[in-house]
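Asks:
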C-alpha cells in the first residue's frame, strides 16, 4: 500500500483557486492540475520565458533561468518562471491571464482541453553563412529556434539531412522539434503536415486514432483485434505463454506490433497522411499489454507478489518502438499505478479529470480485473479487484464476447423476456452486459433471491406468468437454469440459458468489484450518498445498464442518473495526452498523487467479499 | 571571428584562487577549470549532494535541489550545491577540501588528473518484493541507486534483462550507470570489469587506447591506418569524394568504421576484455574526420565560407555509432572550434591545460592545416593556417610520410651530411621533420640565403668542404638541388635530393603557420619574449627538432628548451576526457572560452605571409 504523501497548498490569484499537490511538482504543473492554464511556448522546458508568475507568499528559489528572464527588480518583486518553481512548501502566487483564447476542445468527460502538443514545427528563413558568420548549420538553426523559445539538441538523423537540404532550399526549411530535440528538418514550409497517434492496447481490441496535432482534430479512428489472441484470450494465459514457450515473449511482441502497424497503415492510407509526418504517439493499456508491446518480460506480474518490470512512463524513438512511423518520432507510454491498475486507468483519469475535481467520484473499469478509483482533488485512491472472466463471458455456460449474436440487453416484463441482440439476429449467446441485465431483472422480479438462488419451481408457477415460470428449468444434469431464448428463438439448435452456476460466477465477479469499492470507500470514510458521480469505463462498462449494475450491487446505491457510461476513457486519455503536454505532465504525476491499495491478502477485503456475494436487499 | 565574451570572476577560499569564466558556467565547472576539485559522486548532476560550497559574496539563487539538501539555516549561511550554481556575476565562495586523496594520474603535459569517469558500476543487494513492497523491478533498482546518489532513467535494453536476471541471481546484481542513465544490469558483482576507449581519428592514422575506467589504467594502445586513405590522402580529396561520388560519404564512413572496429577487436582480444564491458568512448579528430565518422556530409567544410554541419560535442549510443561495443554504451565526440580547428585541438588543449594556466603559451599542431592556439587563463585565441601538404611530404619531390626509409633528422657538419633514417635502412625519401631539419641546417650553414635561394655554386666551392659543395647540383631540368643521399647511399637507384622548388614549398607552408602565429600574437599584443612555452603537437610535431623549427621561423624566437614536443596531445586529451567527467565538462566549455579567428580574407594575414616567407635573419 502506498501511504498518503504530505501535500502542500498552492493558491492562484486573482482566480482564488487552490490546489494541494505533493512536494516536488512544478508550479506550472500545479496550475495545469486545476485547469488553470499558464502561457508557454516551449512545453515548460524553461526556455521560452512565457510562464511568468509572481510569488506573493511562501519560499521559492531563483534559478539561473529566472535571472536571465527577469530584471533584479522583477526578481525582488517575486516574479519567477512557473515551470522552474518546484513547489516545496505552501505558496500563494499571482498568475497572469492568458493572452487571447488558446485553442481548446471538449474531450473525455466534458473536459475542456487546451490544445498544446509537444511537437512544434517551426518555419525558418535563415541567412546564408559568410566568412564573418561561420556558424555551423546546426548552430544556425539552433540559434533561430532559440529566438522562438526553443533550446534544442539535435538527433544525428536530423544533422545527416544537412547541409544539402539547407542549400538546395534557399535556407528556407521547417524544423521539427519534439520537446527539446530537433528531430527533422523538412524542405520549405511543412507546418500543415503534423500528425500523431493515440493507441489503447486492449487485451482483445486495439483502438488507434490519428490526430492532426496542429488543429487538434481527429482525422480517423480504427479498431483491430489484438493479434496476440491466438496465444491466449486473457492477460494470464499470455503471461504464461511468455513464461513457458521459448521465444514466446517475442511472438507476443511481434503480434501486437503487427496489429499496431496494420492500424497505422490503414489510418494513414485512408487519410492520405505520410508516415514521415507522424511525430508523436501516446500508448495506453494495462501493464501486461504494455510490457508485451515493449518486449519486457511480464512473468512477475502473473505471480505473487505481482511485480511489473517498470511502472513509470517511458519514451522511445519510432525506430526503437518498431512502429512504422518517422524513426525519430517519440513514442510515449503513460505510467501504471500498479501491476493491475495500468496506464489505461491513468488514461481514464485524464479523460474524467476525477482526481482534479471537487466532490468524490468513483471510476470503475470492469474486465478480468476491475480497476477502481475513488476520490477527488482532496485525495484519490485506487485498487484492482480480481473479478475473473465472468464479465467477459468466459466462464459462463452460454457466455460470449460482445459481438454479433450476443444478447447485450435484457428486460423481463410481467409476461415474458425481451432481448436486445447485437446485429439484430437470432441470439447465439450472452455477453457481459446481457448477463448483468438478466441477473438484475431476475432478482428485481423476484425470480432470484438476494443470496442468488433461483426460487423454487412451485413458487414460480404460483407467482409468475406461465411464460416466465416455464423458463425456469433444470437441465440434463439437474442444474437449475433460466431460458433466455428457447430453441426456436435461438440462433443455435438449442435453448440459450443462464444456469445457477453462471449466477454464482457473476456473484463472485461482482462481489470482488463491490468489495474493492467498499474497501476504498471505507478508506476515505464515505458512503454512497457522498458520491457525486459513478463512471463506468471500458468497452464493456460502456454497455452496462446503470440500473442493472446498481440493482446487483456492482456499484453503490446512487441515483441512476449519477451513473455514467464514459466509453473508452483510456483511449480518450491517450488522445488528451497527445494533444496537450500539460495533460501529459498531469498523467506523469498521477502515480505520485493517486494512492494504490493492494487487495491481495487484506482481511477486510475478504470479509467484504463474502458479505457482498449477496445482492442488495433494498433499492 | 568570435568576439571575446564578457567574463565574470570567481574566487575560491581558503585556496585564494581566482578564475575568470564566461557567464553560464556552473561553479563546479569553474572550480574544475582551475584544477580545484570539488567532491561529487553523481558527475555533477545535482543528485548526490556532495559538491557543497558556501557563497561568501555575490548573488546566487536557491534551487529546488538546494532546498532538499540543506537546512534553512545552511541556506541562509550561503551553502549551495556548486553543480547547480550557474555563475552569472562575480562570486566569492568557500570550497571545502576534498576528503581523503582522490585517485589521480599524471597525464598529458604534466597535468594532474583526478580519475572520475562518467561510468559507475554499483553493486546492489536488493530485498525481494512482497505484497507490502510491490515496487516494480525498475523502481527497486532506481531507489537503491538514489541512495548512492544516482537519479537514473532506464534504457529499454536494461529493462528487458529484467525480471529474470534479478530473480536468478538472488537480487544481487551490478547496475551500470552512465551519466544519469541505467544502461545495463549485470549478474553478481562485476565492478572489476569496467572499460572505455579513447580514439584519435587522424587523416592518416587512427590511434586507439583501451582504458580500465575503474583504476584509470591504460590497458593497451594500438594504431591502424585510416582505411579512408584509398579514397584520398588528405582532407580535401576525401571531402571531394563525398561530394562527387554517389555513395561516397557512405564509403568513407564505412572505411573509418572498419578501422575503428579493427582496433577495437585487436585491443579487446589481446587484453581479454569483453566488448559488452566497454561502456564509454571518447573520440577526437578534425572536423572532417568526425563528420565522416558520423555520416555527416562534410561538403560545406571544403568550400568557402567553410561551414561544418555541427561544431558541438555529440553523444550517441554504441548501436547508433555502429561500433562493436555494448549497444547501450555512450560514444562522445569533443566539440570543434571551427571547420579547421577541430576536436583534436580541443583534446590538445585538455592535454596541455593551456587555457587554464597563467602565462602565455603557444600550441601548434602542424598538418595540412596548422592549428594554432595562443593564450592563457586570461584569454585564449585560436586559428587555422593553410599550410598545404609540404610537411606531409606530398608536394616535395622526394617527400614521403614518416615510415621506414624516411629521412627523419638531418645534421650538416662542416664536412658532410649525417642522416637519421626511420628503420635504420638506406633512405628512400624525406619526411616532414627531415625536411625542416635539412632546410634549417642548410640555412644555418649558409648554403641557403634568408630569402630561400641556394647560394651560387662558385661560392659553395669557395667557402665549403668539397663534399658539401659537391652536393649542390642542378638536376636534368636545370633546377638547383641539394643531394641528401647519393645514389650509392640511397635505397633507390638514384640520389635523394631537396630541390629549390621543395624549399619554396616549405617556405609557403612555414609562412602560413608563422603568419597565423603572428596574427594571434598581434591580437594578444605580445612578443616572443612573453611566451612561457611553445608546444609542438601532432604525430608530426612530435618529431620536429625544436632548434630547426625556430631557425626557420616556424615558431617564434624563444629559447630552445621552451619548445616542447608534446606528442599525440589530441589522443591524450581524449583519454583525459574519458577518465574524468570534470575534464570532459571543461572540453565542452572550450568553444565558449577560446576565441576562433578566421584567417581567410584577412589582409593582415596576407601581409604577414609575404614577409614571413623569408627565414629569420638572426638567431
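Residue numbers (this note's numbering), protein chains in the order written: chain A, 1 to 619; chain B, 620 to 1238. By construction, the Cβ of each residue, glycine as well, lies at the ideal position given by its N, Cα and C atoms. Here the structure is a predicted model, which means the values were calculated and not measured.
#1: Taking 8 Å as the threshold (C-beta atoms), are residue 1031 (chain B) and residue 1061 (chain B) in contact?
#2: Please classify residue 752 (chain B) as buried or exposed, where buried requires at least 16 other C-beta atoms within 10 Å of its C-beta.
#3: So, with DSSP's three-state summary, where would you put residue 265 (chain A)?
#4: Give the secondary structure of residue 230 (chain A) by DSSP, where H, G and I count as helix, E and B as strand, and everything else as coil.
#5: What ranges does the alpha helix (DSSP H) occupy inside the stretch 238–312 of chain A, keeping only unbroken runs of at least 4 residues that lie completely in it?
#6: Along chain B, in chain order, which residues have C-beta atoms closer than 8 Å to that of residue 164 (chain A)?
#7: For the stretch 753–772 of chain B, which residues have a beta carbon sitting closer than 9 Å to at least one beta carbon of chain A?
#8: Taking Cβ-Cβ distances shorter than 7 Å, what residues in chain A pair up with residue 1026 (chain B)?
#9: Is residue 184 (chain A) buried or exposed, if buried means 16 or more other CB atoms sit within 10 Å of its CB?
#10: So which of A:203, A:129, A:29 has the shortest CA-CA distance to residue 580 (chain A)?
#11: With distance defined between alpha-carbon atoms, name the residue in A:96, A:149, A:363 nearest to residue 69 (chain A).
#12: Tell me which residue opens and which closes the alpha helix (DSSP H) that residue 547 (chain A) is part of.
#13: Would you say residue 466 (chain A) reaches chain B, if we count a Cβ-Cβ gap shorter than 8 Å as a contact?
#14: Quick check: what's the CA-CA separation for residue 55 (chain A) versus residue 879 (chain B)?
#15: Tell me the rounded alpha-carbon separation between residue 1027 (chain B) and residue 890 (chain B).
#16: Residue 1160 (chain B) by DSSP, collapsed to three states: which one?
#17: Does the beta carbon of residue 316 (chain A) sit closer than 8 Å to a beta carbon anywhere in chain B?
#18: Report yes or no: is there a C-beta of chain B within less than 8 Å of the C-beta of residue 338 (chain A)?
#19: Determine the closest residue to residue 770 (chain B) out of B:668, B:744, B:634, with distance taken between C-alpha atoms.
#20: Given a limit of 9 Å on CB to CB distance, which residues of the stretch 1201–1220 of chain B reach chain E?
#21: One question on the structure: do residue 1110 (chain B) and residue 1044 (chain B) come within less than 8 Å of each other, judged by their Cβ atoms?
#22: Decide if residue 321 (chain A) is buried, meaning its Cβ has at least 16 other Cβ atoms within 10 Å, or exposed.
#23: With a threshold of 8 Å, are at least 3 pairs of Cβ atoms found where one atom belongs to the stretch 160–178 of chain A and the other to the stretch 188–198 of chain A?
#24: List the residues of chain A whose Cβ lies closer than 8 Å to the Cβ of residue 939 (chain B), in chain order.
#25: Could you list which residues in chain B have their beta carbon closer than 9 Å to that of residue 312 (chain A), in chain order?
#26: Sorted by chain position, which residues of the same chain lie with C-beta nearer than 6 Å to residue 306 (chain A)'s C-beta, five sequence neighbours on each side aside?
#27: Taking beta-carbon pairs under 9 Å, can you tell me which members of the stretch 50–67 of chain A lie near chain B?
#28: Taking DSSP as the reference, what is the three-state secondary structure of residue 951 (chain B)?
#29: Can you list, in chain order, the residues of its chain with a C-beta nearer than 7 Å to that of residue 1023 (chain B)? Leave out the 5 residues immediately preceding and following it.
#30: If you drop the 5 nearest sequence neighbours on each side, which residues of the same chain put their C-beta closer than 8 Å to that of residue 24 (chain A)?
#31: So what does DSSP say about residue 447 (chain A), is it helix, strand or coil?
#32: Residue 623 (chain B): buried (16+ other C-beta within 10 angstroms of its C-beta) or exposed?
#33: Measure the C-alpha to C-alpha separation of residue 100 (chain A) and residue 14 (chain A) and round it to an integer number of angstroms.
#34: Among A:274, A:199, A:312, A:51, which one has its Cα closest to the Cα of residue 96 (chain A)?
#35: Quick check on residue 620 (chain B): does DSSP put it in helix, strand or coil?
#36: Please list the partners that residue 524 (chain A) has in chain B, where partner means a Cβ-to-Cβ separation under 9 Å.
Replies: Looking at the atomic coordinates:
#1: Position 442 of the second chain, counting from 1, holds the residue named residue 1061 (chain B). Position 412 of the second chain, counting from 1, holds the residue named residue 1031 (chain B). Yes, the Cβ-Cβ distance between residue 1061 (chain B) and residue 1031 (chain B) is below 8 Å.
#2: Here residue 752 (chain B) is taken as the residue at index 133 of the second chain, counted from 1. Exposed, because fewer than 16 other Cβ atoms sit within 10 Å of the Cβ of residue 752 (chain B).
#3: On the first chain, residue 265 (chain A) is found 265 positions in, with the first residue counted as 1. Three-state result, residue 265 (chain A): helix.
#4: Within the first chain, the letter at position 230 stands for residue 230 (chain A). For residue 230 (chain A), the secondary structure class from DSSP, reduced to helix, strand or coil, is helix.
#5: Qualifying alpha helix (DSSP H) stretches, in chain order: 248–271, 287–294, 299–302.
#6: Within the first chain, residue 164 (chain A) is the residue found at index 164, counting from 1. Those are 916, 918, listed as they occur along chain B.
#7: Under the 9 Å Cβ criterion, the stretch 753–772 of chain B contributes 753, 754, 755, 756, 757, 758, 759, 761, 772.
#8: Stepping through the second chain from its first residue, residue 1026 (chain B) is reached at position 407. Listed along the chain, the chain A residues whose CB falls inside 7 Å of the CB of residue 1026 (chain B) amount to none; the nearest CB is some 39 Å away.
#9: Reading the first chain from its first residue, position 184 is the one you call residue 184 (chain A). By the beta-carbon neighbour count (other beta carbons within 10 angstroms, threshold 16), residue 184 (chain A) is buried.
#10: Position 580 of the first chain, counted from the first residue, corresponds to residue 580 (chain A). For the set A:203, A:129, A:29, the Cα lying nearest the Cα of residue 580 (chain A) is the one of A:29.
#11: On the first chain, position 69 is the one that residue 69 (chain A) refers to. Checking every option, the nearest Cα to that of residue 69 (chain A) belongs to A:149.
#12: To locate residue 547 (chain A), count along the first chain from 1; it is residue 547. Per DSSP, the unbroken alpha helix (DSSP H) holding residue 547 (chain A) starts and ends at 546–552.
#13: As a first step, residue 466 (chain A) must be located in the first chain, where it is residue number 466. No, residue 466 (chain A) lies away from the interface with chain B (no Cβ there is under 8 Å from its Cβ).
#14: In the first chain, counting from the first residue as 1, residue 55 (chain A) sits at position 55. In the second chain, counting from the first residue as 1, residue 879 (chain B) sits at position 260. The straight-line gap from Cα to Cα measures roughly 55 Å.
#15: Taking the first residue of the second chain as 1, we reach residue 1027 (chain B) at position 408. Taking the first residue of the second chain as 1, we reach residue 890 (chain B) at position 271. Spanning the two alpha carbons is a distance of roughly 33 Å.
#16: Locating residue 1160 (chain B) in the second chain gives position 541, counting from the first residue. Helix.
#17: Here residue 316 (chain A) is taken as the residue at index 316 of the first chain, counted from 1. Chain B, which has a Cβ nearer than 8 Å to the Cβ of residue 316 (chain A), makes this yes.
#18: In the first chain, counting from the first residue as 1, residue 338 (chain A) sits at position 338. Interface residue, yes.
#19: Locating residue 770 (chain B) in the second chain gives position 151, where the first residue counts as 1. That would be B:668, whose Cα lies nearest to the Cα of residue 770 (chain B).
#20: This model lacks chain E altogether, as its protein chains are A and B.
#21: On the second chain, residue 1110 (chain B) is found 491 positions in, with the first residue counted as 1. On the second chain, residue 1044 (chain B) is found 425 positions in, with the first residue counted as 1. Here residue 1110 (chain B) is near residue 1044 (chain B), since their CB atoms are less than 8 Å apart.
#22: To locate residue 321 (chain A), count along the first chain from 1; it is residue 321. With 16 or more other Cβ atoms within 10 Å, it is buried.
#23: With the cut-off at 8 Å, the stretch 160–178 of chain A and the stretch 188–198 of chain A touch.
#24: As a position in the second chain, residue 939 (chain B) is number 320, starting the count at 1. Going along chain A in sequence order, the residues near residue 939 (chain B) (Cβ under 8 Å) are 156.
#25: Here residue 312 (chain A) corresponds to residue number 312 of the first chain, with the count starting at 1. Under the 9 Å cutoff, chain B gives 755, 757, 758, 761, 772, 773.
#26: For the purposes of this step, residue 306 (chain A) is taken as the residue at position 306 of the first chain. The answer, listed in chain order, is 339.
#27: Contact residues of the stretch 50–67 of chain A toward chain B are 59, 60, 61, 62, 63, 64, 65, 66, 67 (C-beta to C-beta distance below 9 Å).
#28: Taking the second chain and counting its residues from 1, the one referred to as residue 951 (chain B) is at position 332. Residue state, collapsed to three classes: strand.
#29: As a working mapping, residue 1023 (chain B) is identified with position 404 in the second chain. Hits under 7 Å: 1041, 1042, 1044.
#30: Your numbering for residue 24 (chain A) matches position 24 in the first chain. Here the set comprises 86, 87, 88, 592.
#31: Taking the first chain and counting its residues from 1, one reaches residue 447 (chain A) at position 447. Residue 447 (chain A) sits in coil when the DSSP states are folded into three classes, being neither helix nor strand.
#32: Taking the first residue of the second chain as 1, we reach residue 623 (chain B) at position 4. Legend: pLDDT at residue 623 (chain B) = 47, less than 50; position of this residue unreliable, value from coordinates given subsequently. With fewer than 16 other beta carbons inside 10 angstroms of its own, residue 623 (chain B) counts as exposed.
#33: Start at 1 with the first residue of the first chain, and residue 100 (chain A) comes out as number 100. Start at 1 with the first residue of the first chain, and residue 14 (chain A) comes out as number 14. About 17 Å.
#34: As a first step, residue 96 (chain A) is located in the first chain; it is residue number 96 there, counting from the start. Checking every option, the nearest Cα to that of residue 96 (chain A) belongs to A:51.
#35: Along the second chain, read from residue 1 onward, the residue named residue 620 (chain B) stands at position 1. Model confidence at residue 620 (chain B) stands at a pLDDT of 40, short of 50, so the residue's coordinates are unreliable; what they give is reported in the following sentence. Annotated three-state conformation of residue 620 (chain B) is coil, per DSSP.
#36: Position 524 of the first chain, counted from the start, is the residue given in the question as residue 524 (chain A). When 9 Å is used as the limit between beta carbons, residue 524 (chain A) is near no residue of chain B, the shortest such separation being about 21 Å.
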